[in-house]
Amino acid sequence: MGKRWLGLLAAGLLAVGALVVPAAPAMAAPTFKVPFPCGQSWSGQTRTGHSPAYAVDFNRTDDLGDPVVASASGTVDIVRDLGGTSYGKYVRINHGGGYTTYYAHLTGFNVSVGQTVGYGKVIGWVGSTGGSTGPHLHYEQRLNGADIKVRFNGALAYYWGTKTYTSDNGCASSTGSGTVNTNGTALTVRSGPGTGYTAVGTVADGARVTIYCQTSGTSVTGTYGTSTIWDRIGSGRYIADAYVYTGYDGYIPGVPRC
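Here my numbering is used: position 234 in the sequence shown is 236, and no number is missing along the way.
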């Protein structure tokens, strides 16, 4: 009986107070969206001779100067002009967890290095700079530096050939909400989605929180069972979903993945 009580106490401290600090978990892929404003339709082409192979070239009629937007939230870490070679003017966004996106052949920039961007943020305009032979957007998704097959809203892009994509990027600012339930103990807020991340504060039992996005991380056993879902309740502020009543058993419909 005493050993069982101690075991339960240890589990609770790990989830709420986190005395044990494991290695930081890998983050799930963001929900990438088509890199153009809400409602626009673009022709996306993939081809085996492309460099890198999984990049997508986007076109539509009279597209020179059309706005290009961030396909997911993140931090701009490259804004560069390579002149008349390669990508020409391009932007890279770091989305965390090893995921980055590239936007190349731009005619101009609308962001700077270190800037935080969200869905629908205009980062530049379609151009024909660098090694381009005509106006278009060269778009890539990468993981740990290696190009990966592009996905929009979790669905694989068309390989190989041309497909029309209609953007829902920035159409709405979808958030969720929930109520913290820890049976009295304040819930630890982490800088990332896991118990291995730095504690950056607490949320009181019974507090109502706004959930901006959700992702997977450390498995936590809490008031509502065992879950790997973590809720972002602010910039660099995550709490374990196992302690939050949202009305859903799993991810909240309509709330983006971080």
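All C-beta atoms in this analysis are idealised placements derived from N, C-alpha and C, irrespective of residue type, glycine included.
At the level of alpha carbons, what is the spacing between R281 and P54?
With the chain covering 3 to 260 only, the question about residue 281 has no answer from this structure.
Spell out a yes or no on whether the region 42-62 and the region 76-87 are touching, meaning 3 or more CB-CB pairs, one atom from each, closer than 8 Å.
no
How big is the Cα-Cα spacing for Y245 and S88?
As a first step, residue 245 is located in the sequence shown; it is residue number 243 there, counting from the start. As a first step, residue 88 is located in the sequence shown; it is residue number 86 there, counting from the start. Computed Cα separation, rounded: 49 Å.
Do A106 and H52 have their beta-carbon atoms positioned less than 8 Å apart in this structure?
Residue mapping note: residue 52 aligns to position 50 of the sequence shown, counting from 1. Residue mapping note: residue 106 aligns to position 104 of the sequence shown, counting from 1. Taking 8 Å as the Cβ cut-off, H52 and A106 do not qualify as a contacting pair.
From this set, D233, T187 and K151, which residue's C-alpha is nearest T48's C-alpha?
Here residue 48 corresponds to residue number 46 of the sequence shown, with the count starting at 1. Measuring from the Cα of T48, the nearest candidate turns out to be K151.
Considering only heavy atoms of the ligand ZN, does any lie closer than 7 Å to the CB of G219?
The ligand ZN is not among the ligands present in this structure, which contains no ligands whatsoever.
Please state if the CB of Y101 and the CB of A31 are separated by a distance shorter than 8 Å.
By one-based count along the sequence shown, residue 31 stands at place 29. By one-based count along the sequence shown, residue 101 stands at place 99. Yes; because the gap between Cβ atoms is below 8 Å, this pair is in contact.
With three or more beta-carbon pairs closer than 8 Å as the criterion, would you say the region 177-197 touches the region 206-213?
yes
Pairwise C-alpha distance: V71 and G172
Start at 1 with the first residue of the sequence shown, and residue 172 comes out as number 170. Start at 1 with the first residue of the sequence shown, and residue 71 comes out as number 69. So the alpha carbons of these two residues sit roughly 9 Å apart.
Could you pull the start and end residues of the beta strand (DSSP E) that A134 belongs to?
Translated into positions along the sequence shown, residue 134 becomes position 132. The sequence given here places Ser at residue 134; Ala does not occur at that position. No beta strand (DSSP E) contains S134, which DSSP labels as neither H nor E.
Alpha carbon to alpha carbon, how far is P69 from G103? Give it in angstroms, no decimals.
The sequence position of residue 103 within the sequence shown is 101, counting from 1. The sequence position of residue 69 within the sequence shown is 67, counting from 1. Looking at the sequence shown, residue 103 is not Gly but Thr. Rounded to the nearest angstrom, the two C-alpha atoms are 16 Å apart.
Tell me whether the beta-carbon of I231 lies closer than 8 Å to the beta-carbon of D243.
For the purposes of this step, residue 231 is taken as the residue at position 229 of the sequence shown. For the purposes of this step, residue 243 is taken as the residue at position 241 of the sequence shown. Yes. Within cutoff.
Would D233 be called buried (16 or more neighbouring beta carbons within 10 Å of its own) or exposed?
For the purposes of this step, residue 233 is identified with residue 231 of the sequence shown, where counting begins at 1. Buried, by the Cβ-count rule.
For G147 and R259, what's the separation of their Cα atoms in angstroms?
Your numbering for residue 147 matches position 145 in the sequence shown. Your numbering for residue 259 matches position 257 in the sequence shown. So the alpha carbons of these two residues sit roughly 21 Å apart.
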